[in-house]
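K.L.:
Chains as they are written, first to last, in my numbering: chain P, 790 to 1116; chain G, 3 to 415; chain D, 7 to 182.
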Amino acid sequence: MFEPLSIILYALAAIVFSLFFGLLFMGVDRKLYARMQSRIGPPILQPFYDVLKLLGKEIVRPRGASPLYSLAPIFHVATAAALAAYVPFGLKSPLSHYGDIIVIIYLIALAAFAVVLGGAASGSPFSSVGSQRELVLIVSIDAPMLVSLLTLAWLSPGFSVFSLEAISKHPPLFSENPLVRVLGLLLLVGVVMWYIGDIKVGITEVEEAETEIAGGPLAEYSGPNLAMFEMGRAIRLFVGASLIVNLFFPQDLSIFLSLQGPLLEFGNVCFHLLKTFLVVFLAVTFHRTMFGRLKISSVASLYWKYIIPLTLVSSVAAIVLRSMGVI
Amino acid sequence: MSEEYRELGVSIPIGPFHPALKEPIGFRIWVEGEKIVKADIRFGHNYRGIELIGARRNWIQILYLAERICGICSWSHQFPLAQAIESLMDVRPPDRANYIRVVVGELERIHSHMLWLGVLGHEIGFDTLLHLTWGVREKVMDALELISGNRVNYAMATIGGVRRDITEAKRDILLRKLDDLLKGVETLRDIVLTHKLVLLRTEGVGRYDRELALRLCLQGPMARMCGIRKDVRQDEGVAAYGDLGFRAIVARDVVGKDGCDAYSATAVRVAETIQSINLVRDALMEMPPGPISAFPKPIVALTRASKAEGEAIGRYEAPRGEVIHYVRAAKSDKPKRWKVRAPSLINVYSTKWVFPGHQIADAVVIAAQPDPCIACTERALIVDLDRGERRVVDHAYLTELSRRKSKEVMGDV
Amino acid sequence: MDLNQLLEELKRVSGGEGFVQDQEMSKTSRRRRVWVTADRRNFRSVILKLVEMYTYPQLSFIVAQDLGDRLQLIYSFEVNSGKPLEAVEVSVKVDIPKDDPRIATITDMFPGAEVYEREAQEMIGVDVVGLPDKRRLLIPEDFPEGVFPLRLDEKGIPPELWKKKSPHPLEGDGNE
């Protein structure tokens, strides 16, 4: 009976770890964003202060809100936490035996859906417009993600389980076969575009769009409820980047250094954090410094005209090449 | 909200207080999904009745009240009022005053247009543009502080001339600053007019057509983006603009066509900024020597003005369009009636004809397109203090900071 | 066209008075104003005449003022806009009696006049006949009916209004 308890503790540790580094990366992102705009920027720990302060505030409930209004933030943060326990962070993920990639895909969609629910339950016009936009965004970004993940699973030799570890063992970008490397690159584009759409920065910041709809689904949220959304967002920021690293750059430190035991594990975690941070920097900080917000129609057409066909083509190519025995 | 509007379905309030707006104004848009079907505008959240207050001030005091109608175009309200009073008295300001008036007016235009460009960047979620343009704008504020001692509300115009001279030493510093500024603005122009995202968000957004613009009597950059070559500086040649051979810029001079949309408005404003820098330089180089005011002391002007009778109109092209002041005098030290028409009044009001058919995301761009200056529209007072202080400051510290900055700007004067 | 010719032409249509202001502003530029009075029955034909003579005169503003015994609207147009140093500001003054403050709209000719007419309507209490949108523009909706801020007579702001206690007194300001 010792086994489940240790798994639960390990999962809790993983969640706290993801939350901590999610918030930290948010702070670093804000600082670097400010430096690139020749501003001083907030302290790096600002997201922690924000969350702590919000947790201590009272909850203001809008008059027209439905009961879902209070449930949505819990739903959101719980889903994000579960997600954190499923994605490896340099070490084996705590729940790796209890689900595969399909679970991860569902959890990601659920987390976004919680935001939609919260917005729709707020009863404010800004929130309902934001929720509509979020729905359009979910429909647009999840398709390339699904196709890419399935294709990645399909590309990995021994296509038996949809497990993250199986893909991690044979990263397509580092395959000996040049065709697989090309396919891997296309899929990387698909997954990174999903990541940008999932955390909603830069061109896809349509759902909150401060200057248009005043924060969208979160417009009516305050206090601990808002803090839960913030924490969920921090976890998703970290886990999304972590997932990209796991799928495409899963190498550990053993290829560079000959370390052993706990030292290797510690090194692996640090190395993973470094890679994750690079993904966050390129996909979030750099991207939002260079671009502003698109219209929701432009976002939808960007995904449906370019990204989804791209991933579909690489998926079909993978199937055809595989059945021909080329890869 | 009246009954006929209620049937239209979901309405979204943009204002009076909304993150997209820096001043209170009430836009209300009715939407079907993301499409706007109707729009309405409500002014008056900032109405203070300055025209009525002005009728209780004397001719000199009212100049400084006029300046405080708006924080951004303070010169643009003080100057036409001074002109209207000069017209009443039939006084012609000396040539040097006319040139200094051009310098101050154009510096103010640069700062206003840069501010607008930053706001546009912010509205489309492109905050990097906001910080870049406001960085450039700081240099103009420094130049204005060098001339007048103030960043806003320069108190430069007076009846019959200006209040402060631009000395040789100041002129040289200004010329150096202008080179710097020109480089910054040209970089910005190259970024803004070709950036894919700016194009996607502004092209075809807020489209008027030339006929509509003429019939609505749009003003300033809003008219010039539709290809209407209309500018008080050109048409009436106020101050020294006539002597400098000023010609207005329309959108087709910059981007090849009159798009009548937010992109053309951007192009016109950016091009005008560069034109303004060159104008300031020309004015500084060609400035004739001589007195800076037709009257030795304000009290002389006040005494003369108190004997005037009749009506007069003063006009000036503010950054946003034509500002008109009407005064009626009856041999008194106060005006009988003072009427201010700011360009934003009609420019902002006209957006109600343009909103329908656009998406919600475009609404903020359309609202920002006329560069709405609500304070002008409603003749009220606005003080905008955006300072990122890192510690608690007291008044003494701020004064000290301000003095240090002034010394820095003045340099070796 | 010469300013005096323009004035004569407008006076012929309006049958009113008028004068020309032509002042030097700088070495090259002059300030040109034409003032003409018109009756409220024929001021529209004066404006139409302007529209005929110049394509698209620009409506600058409408001044609404209380002259004591009567109200006055001044419709001011810029003509020759777009021609360097040739712009003329033509102002048409229309008197309106206080006991029957009605005047026709010009929004059919200039849709943009709507905003100025709405302003004039709430400020001095003229009744603009045919104005498509008669709601208030600048003053708040809960402002009392029949009070016009810029009227100088008994219809202006009465002292009770600004001496009245606030309906939402603050704690401790002795205003309960």
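All C-beta atoms in this analysis are idealised placements derived from N, C-alpha and C, irrespective of residue type, glycine included.
#1: Quick one: Cα of VAL40 of chain D to Cα of LEU183 of chain G, how far?
#2: Indicate whether at least one CB of chain G lies closer than 9 angstroms to the CB of GLN127 of chain D.
#3: If we cut at 9 angstroms on Cβ distances, does ILE230 of chain G have a partner in chain D?
#4: Considering VAL42 of chain D, what are the terminal residues of the beta strand (DSSP E) in which it resides?
#5: Taking beta-carbon pairs under 7 angstroms, can you tell me which members of the segment 130-151 of chain D lie near chain G?
#6: So, with DSSP's three-state summary, where would you put LEU73 of chain D?
#7: Tell me, please, which residues DSSP counts as bridged to SER13 of chain G.
#8: Could you say which of P:GLY1081, P:THR1078, P:VAL1028 and P:THR1074 lies nearest to HIS1061 of chain P if we only look at CA atoms?
#9: Can you tell which of P:LEU1053, P:GLU954 and P:GLU923 has the C-alpha that lies nearest to the C-alpha of VAL995 of chain P?
#10: What residue range is occupied by the uninterrupted beta strand (DSSP E) comprising GLN29 of chain D?
#11: So the beta strand (DSSP E) ALA314 of chain G belongs to, where does it begin and stop?
#12: Considering only the alpha carbon of each residue, which of G:GLY107, G:LEU190 and G:ILE62 lies closest to ARG283 of chain G?
#13: Whole angstroms are fine: how far does the CA of ALA126 of chain D sit from the CA of GLN78 of chain D?
#14: Kindly give me the distance between the Cβ atoms of LEU83 of chain G and PRO117 of chain D, rounded to whole angstroms, as I take these residues to be in contact under 8 angstroms.
#15: Using a Cβ-Cβ cutoff of less than 6 angstroms, which residues in the same chain neighbour ASP417 of chain G once the five nearest sequence positions on both sides are dropped?
#16: If I follow the unbroken beta strand (DSSP E) through ALA332 of chain G, where does it start and stop?
#17: Report yes if the C-beta distance between GLU1009 of chain P and ALA1106 of chain P is below 9 angstroms; otherwise report no.
#18: Hey, how far is the Cα of ASP931 of chain P from the Cα of ILE985 of chain P?
#19: For the segment 348-367 of chain G, enumerate the residues whose C-beta is nearer than 9 angstroms to any C-beta of chain P, in chain order.
#20: Once the 5 residues before and after VAL164 of chain G are set aside, which same chain residues still bring their CB inside 7 angstroms of it?
#21: Whole angstroms are fine: how far does the CA of LEU65 of chain G sit from the CA of ILE55 of chain G?
#22: What whole-angstrom Cβ distance do ALA44 of chain D and SER20 of chain D have, given they're in contact under 8 angstroms?
#23: Report yes if the CB atom of GLN826 of chain P is closer than 9 angstroms to the CB atom of ASP129 of chain G, and no otherwise.
#24: Grab the span of the beta strand (DSSP E) containing PRO108 of chain D for me, first residue to last.
#25: Do the segment 59-75 of chain G and the segment 320-339 of chain G meet, that is, are 3 or more Cβ pairs less than 8 angstroms apart?
#26: For VAL805 of chain P, count neighbouring Cβ atoms within 10 angstroms of its own Cβ and tell me buried if that reaches 16, exposed if not.
#27: Using a cut-off of 8 angstroms between C-beta atoms, extract the partners of PHE45 of chain G located in chain D.
#28: Under 7 angstroms, CB to CB, which of the residues in the segment 216-228 of chain G have a partner in chain D?
#29: For the alpha helix (DSSP H) that contains LYS842 of chain P, what are its first and last residues?
#30: Thinking just about the alpha-carbon of each residue, which of P:LYS842, P:ILE893, P:LEU813 and P:GLY816 is nearest to the one in MET1017 of chain P?
#31: Using a Cβ-Cβ distance cut-off of 9 angstroms, determine whether ASN181 of chain D contacts chain G.
#32: Nearest to SER334 of chain G by alpha carbon, out of G:LYS341, G:PRO15, G:ARG58 and G:PRO26?
#33: Alpha carbon to alpha carbon, how far is LEU176 of chain G from ARG406 of chain G? Give it in angstroms, no decimals.
#34: I'd like to know whether the C-beta of LYS33 of chain D is nearer than 9 angstroms to at least one C-beta of chain G.
#35: Please state the DSSP three-state secondary structure of ARG283 of chain G.
#36: Please state the DSSP three-state secondary structure of LYS55 of chain D.
P.N.:
For this structure:
#1: Rounded to whole angstroms, the separation of the alpha carbons of LEU183 of chain G and VAL40 of chain D is 41 angstroms.
#2: By this cut-off, GLN127 of chain D is not an interface position.
#3: Output row for ILE230 of chain G: interface = yes.
#4: Per DSSP, the continuous beta strand (DSSP E) segment holding VAL42 of chain D begins and ends at 36-44.
#5: Listed by position along the chain: LEU143, LEU144, ILE145 and PRO146.
#6: Coil at LEU73 of chain D, not helix or strand.
#7: Checking the DSSP bridge columns, you'll see SER13 of chain G partnered with G:TRP32.
#8: Residue P:VAL1028 is the option with its Cα nearest to HIS1061 of chain P.
#9: VAL995 of chain P has its Cα closest to that of P:GLU923, out of P:LEU1053, P:GLU954 and P:GLU923.
#10: For GLN29 of chain D, the enclosing beta strand (DSSP E) starts and ends at 24-30.
#11: Segment 311-320, the beta strand (DSSP E) holding ALA314 of chain G.
#12: Comparing alpha-carbon positions, the option among G:GLY107, G:LEU190 and G:ILE62 lying closest to ARG283 of chain G turns out to be G:GLY107.
#13: Rounded to the nearest whole angstrom, the CA to CA distance from GLN78 of chain D to ALA126 of chain D is 10 angstroms.
#14: The pair is not a contact, with the Cβ atoms about 29 angstroms apart (cut-off 8 angstroms).
#15: Absent from the structure is residue 417 of chain G, since the part of chain G shown begins at 3 and ends at 415.
#16: It spans 323-332 - the beta strand (DSSP E) in which ALA332 of chain G sits, taken as one unbroken run.
#17: It is not a contact, given that the beta carbons lie outside the stated cut-off.
#18: Rounded to whole angstroms, ASP931 of chain P to ILE985 of chain P spans 12 angstroms at the Cα level.
#19: Taking 9 angstroms as the Cβ-Cβ cut-off against chain P, the residues of the segment 348-367 of chain G that qualify are GLN361, ILE362, ALA363, ASP364, ALA365 and VAL366.
#20: Closer than 7 angstroms at Cβ, skipping near neighbours: ALA99, ILE102, ARG103, MET158, ILE294 and SER295.
#21: If you take the alpha carbons of ILE55 of chain G and LEU65 of chain G, they lie about 12 angstroms apart.
#22: Indeed they touch by this definition, with Cβ atoms about 4 angstroms apart.
#23: Going by C-beta atoms, GLN826 of chain P is nearer than 9 angstroms to ASP129 of chain G.
#24: Just to set this straight, residue 108 of chain D is Arg in the shown sequence, not Pro. 108-110 is the extent of the beta strand (DSSP E) around ARG108 of chain D.
#25: With contact defined as three or more Cβ pairs closer than 8 angstroms, the segment 59-75 of chain G and the segment 320-339 of chain G are in contact.
#26: Exposed, by the Cβ-count rule.
#27: The answer, in chain order, is LEU143 and LEU144.
#28: Taking 7 angstroms as the Cβ-Cβ cut-off against chain D, the residues of the segment 216-228 of chain G that qualify are LEU216, ARG217, LEU218 and CYS219.
#29: Boundaries of the alpha helix (DSSP H) harbouring LYS842 of chain P: 835-844, taken from the DSSP string.
#30: Of all alpha-carbon atoms in P:LYS842, P:ILE893, P:LEU813 and P:GLY816, the one lying nearest the alpha-carbon of MET1017 of chain P is that of P:LYS842.
#31: Per-residue confidence for ASN181 of chain D stands at a pLDDT of 43, beneath the threshold of 50, marking its modelled position as unreliable; the derived number appears in the next sentence. For ASN181 of chain D, the answer is no, since every Cβ of chain G falls outside 9 angstroms of its Cβ.
#32: Taking only the C-alpha atoms, the option nearest SER334 of chain G is G:ARG58.
#33: As the crow flies, the alpha-carbon of ARG406 of chain G is around 19 angstroms from that of LEU176 of chain G.
#34: By this cut-off, LYS33 of chain D is an interface position.
#35: ARG283 of chain G falls in the helix class under three-state DSSP.
#36: LYS55 of chain D sits in a helix when the DSSP states are folded into three classes.
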